[in-house]
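Student: Note that the numbering used here has the sequence shown beginning at 1, numbered continuously upward. Using N, Cα and C, we set each Cβ at its ideal position, and we do this for glycine too.
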Amino acid sequence: MSDDIDEAVDWQGTDISCAGCAHEALEASGRCRLKHACVHDRYARRIDRFFNWNPALANDYVKHPHFEVRAIAAKHASPFYLTPLLDDPEETVRWNAARRLPKRLVLRLRHDPHREVRIRIATVLDPEDLMPMMLDNDYYVRLVVARRIVPSVLGRMMGDPEAEVRRVVARRIPTDWLLGMISDPDARVRLEVAERLAPDLLTAMCKDADWRVRHEVASRIAISELSELARDEDPLVQEMARGRLANRSGAAMEKPA
Numbered sequence: 001m002s003d004d005i006d007e008a009v010d011w012q013g014t015d016i017s018c019a020g021c022a023h024e025a026l027e028a029s030g031r032c033r034l035k036h037a038c039v040h041d042r043y044a045r046r047i048d049r050f051f052n053w054n055p056a057l058a059n060d061y062v063k064h065p066h067f068e069v070r071a072i073a074a075k076h077a078s079p080f081y082l083t084p085l086l087d088d089p090e091e092t093v094r095w096n097a098a099r100r101l102p103k104r105l106v107l108r109l110r111h112d113p114h115r116e117v118r119i120r121i122a123t124v125l126d127p128e129d130l131m132p133m134m135l136d137n138d139y140y141v142r143l144v145v146a147r148r149i150v151p152s153v154l155g156r157m158m159g160d161p162e163a164e165v166r167r168v169v170a171r172r173i174p175t176d177w178l179l180g181m182i183s184d185p186d187a188r189v190r191l192e193v194a195e196r197l198a199p200d201l202l203t204a205m206c207k208d209a210d211w212r213v214r215h216e217v218a219s220r221i222a223i224s225e226l227s228e229l230a231r232d233e234d235p236l237v238q239e240m241a242r243g244r245l246a247n248r249s250g251a252a253m254e255k256p257a
């Protein structure tokens, strides 16, 4: 923790002294303290505490040469001072500015060079503004987009190169599109599809290569389609299919003549 460090140096490694500081008067009023709350300190926690105590001073520091000062000042400065920070060379500064600006002003950050900024932007933009990010080169950005964008446009992501993204797509696309994903190369994606398909459409997945998919099929497919699954090579699939067949037979025997 920075407060455990018994030194007071600035971001360039120079010793800090309160004498001659522009904020020297603040010390007397308890609004700054060396090694605890100081805008000139190299440690972010001490800078952050300074601005928590003196938020009105943040406007004066949005152009400071140390990125930690700019980033923390952006959390307190007037929004009218923040737009230029969207072009700051440091991603932390850009994001701290973006989170406090109107969404229409931060749309440009959909193409930010840093993935963390794009991920965070994808979490706050309105779903209708996410379409340009559907083809982002970072899989996690696309994952966030797939979770938030309106389902009616998710067809464009059914062939995403990342299986985790396609799993989210399979959970959210309209059900009448699901048949387009029954041959997905990843079994986890196909399982998501099988869990949502209507029982009368599950026949198409009876011979899936993965036992988990076949087990899901056996648990919900029409009884009349279970005979093949009752002979399945996997014992758990067999058990599910035979158990349902047995239950049907038992129910039929209990019916009064």
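#1: Determine the contact status of Ala170 and Val193, defining contact as a CB-CB distance below 7 Å.
#2: Do Ile16 and His40 have their C-beta atoms closer together than 7 Å?
#3: Quick one: Cα of Arg172 to Cα of Ile119, how far?
#4: So for Val150, helix, strand or coil by DSSP?
#5: Nearest CA to the CA of Arg212: which residue from Phe51, Arg94, Pro199 and Asp186?
#6: Quick one, which of Leu135, His111, Leu107 and Val141 has its alpha-carbon nearest Leu125's?
#7: For Val9, does the three-state DSSP call read helix, strand or coil?
#8: With respect to the alpha helix (DSSP H) encompassing Arg70, which residues constitute its N-terminal and C-terminal limits?
#9: Looking at Pro55: is its Cβ nearer than 7 Å to the Cβ of His76?
#10: Sort Arg31, Asn59 and Asp60 by Cα distance to Arg46 and report the nearest one.
#11: Note down the Cα distance separating Cys21 from Leu34, rounded to an integer number of angstroms.
#12: Considering only their Cβ atoms, is the gap separating Met134 from Ala122 smaller than 7 Å?
Tutor: Reading it off the structure:
#1: yes
#2: yes
#3: 20 Å
#4: coil
#5: Asp186
#6: Leu107
#7: strand
#8: Phe67 to Ala73
#9: yes
#10: Arg31
#11: 11 Å
#12: no
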